[in-house]
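Residue 12 is where the sequence shown starts when you use the working numbering, and the numbers rise one by one after that.
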Amino acid sequence: MANDVLNVQSRITERKSDLSASRRNGIIPGIYYTVGKEPISLNVNERELMAIIASGNVIIDMKVDDKDSQKIIIKDMQIHPVTDKIVHVDLMGIRMDKEIEISIPIHFEGVPEGVKLGGLQQSILRELLLKGLPADIPEVINLEIEQLDIGDSIHVHEINIPKVTIVTEAELAIVSVVTPKIVEEEVVEEELEGVEGEEGEEAVEGEGEGEGKGKEGEGEAKAPEDAGDAPSDKK
Numbered sequence: 012m013a014n015d016v017l018n019v020q021s022r023i024t025e026r027k028s029d030l031s032a033s034r035r036n037g038i039i040p041g042i043y044y045t046v047g048k049e050p051i052s053l054n055v056n057e058r059e060l061m062a063i064i065a066s067g068n069v070i071i072d073m074k075v076d077d078k079d080s081q082k083i084i085i086k087d088m089q090i091h092p093v094t095d096k097i098v099h100v101d102l103m104g105i106r107m108d109k110e111i112e113i114s115i116p117i118h119f120e121g122v123p124e125g126v127k128l129g130g131l132q133q134s135i136l137r138e139l140l141l142k143g144l145p146a147d148i149p150e151v152i153n154l155e156i157e158q159l160d161i162g163d164s165i166h167v168h169e170i171n172i173p174k175v176t177i178v179t180e181a182e183l184a185i186v187s188v189v190t191p192k193i194v195e196e197e198v199v200e201e202e203l204e205g206v207e208g209e210e211g212e213e214a215v216e217g218e219g220e221g222e223g224k225g226k227e228g229e230g231e232a233k234a235p236e237d238a239g240d241a242p243s244d245k246k
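#1: Are I110 and G67 touching if we call contact CB-CB under 8 Å?
#2: Can you have a look at D95 and say buried or exposed, based on whether 16 or more other CB atoms are within 10 angstroms of its CB?
#3: Check G223 in the structure and name its three-state DSSP category.
#4: Return the CA-CA distance between Q20 and I172, expressed in angstroms with no decimal places.
#5: Determine the DSSP secondary structure at V8, reduced to helix, strand or coil.
#6: Which residues bound the alpha helix (DSSP H) around L60?
#7: Go through its chain and collect everything with a Cβ distance to I135's Cβ below 8 Å, but skip five positions before and after it.
#8: Does the distance from the C-beta atom of G104 to that of D160 stay below 8 Å?
#9: So for P145, helix, strand or coil by DSSP?
#10: Using the C-alpha atoms, what's the distance from V189 back to K224?
#11: Tell me, which residues are paired with L128 by DSSP?
#12: Starting from A1, follow the beta strand (DSSP E) in both directions and report where the run begins and ends.
#13: Taking the C-alpha atoms as reference points, what is the distance between A181 and H166?
#14: Find out if the Cβ-Cβ distance for the pair I71, I117 is shorter than 8 Å.
#15: According to DSSP, is L136 part of a helix, a strand, or is it coil?
#16: Alpha carbon to alpha carbon, how far is H168 from S22? Give it in angstroms, no decimals.
#17: Helix, strand or coil, according to DSSP, for E110 in the structure here?
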């Protein structure tokens, strides 16, 4: 595993207004913790952090206030739901002779044979939780999927990483190739015709009811005229 250097500064203030101002200036609030020591609040340069994340390196050499470097990993990050920017980062100190647990991303290599034949690739897991010595943990898990046909899948228990334990549940599927669901046009057309037929029947029934009511109304309107034609009892 290669490692990069991250320069950070200790942070005193915890006021929300100060933290918001720092974020606008490209400074991400963070915290550093390790076994046997009190956590330290930090200011982390956003550009430096993003460059390290883009490099894919898991182990990082961190310098606090330009002092001696210490080896760390990025344990957690909080992402803004709208801007997708990092708003907080947790950094954990490690020892090279002590095992750690960390999530490592999966990189799918190749195009499955089943996809070339019209199948659909379903990427179910994007990372695996690994446990081992920092030097043995890979930066990324490269997984070849070219051999997958329609109906095939790869599960966690099929992955082997030397000297490393995979903590993720063994029976979980990582990636699969499935047959895409296709709605036939004929079925859709039949359904549409059925709906149109029902609407036409309802319209005819509505017209019949309107005509019936109209005839009844005409009978009621003639009643006064008949009454008016009746002979009067004049003497």
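Built from N, CA and C at the ideal position, the CB exists for glycine as well.
A quick look at the data gives this:
#1: Here the sequence assigns Glu to residue 110, which means Ile is not the residue at that position. Contact flag unset, no.
#2: exposed
#3: Because the pLDDT at G223 is just 49, under 50, the model does not fix this residue reliably, and the value given afterwards should be weighed accordingly. Residue state, collapsed to three classes: helix.
#4: C-alpha separation (whole angstroms): 36 Å.
#5: No statement about residue 8 is possible, as the shown extent of the chain runs from 12 to 246 and does not include it.
#6: Start and end: E57 to S66.
#7: Same-chain partners within the cutoff: L183, A184, I185, V186 and S187.
#8: Cβ atoms of G104 and D160: not closer than 8 Å.
#9: helix
#10: Only weak support exists for where K224 lies, its pLDDT of 49 falling under 50; the value from the coordinates is given anyway. Answer to the nearest angstrom: the Cα atoms are 59 Å apart.
#11: DSSP output for L128 lists no bridge partner at all.
#12: With the chain represented from 12 up to 246, any question about residue 1 goes unanswered, as that position is not in the structure.
#13: 7 Å
#14: no
#15: Coil.
#16: As written in the sequence, residue 22 is Arg, which differs from the Ser given in the question. In a straight line, the C-alpha of R22 is about 44 Å away from that of H168.
#17: coil
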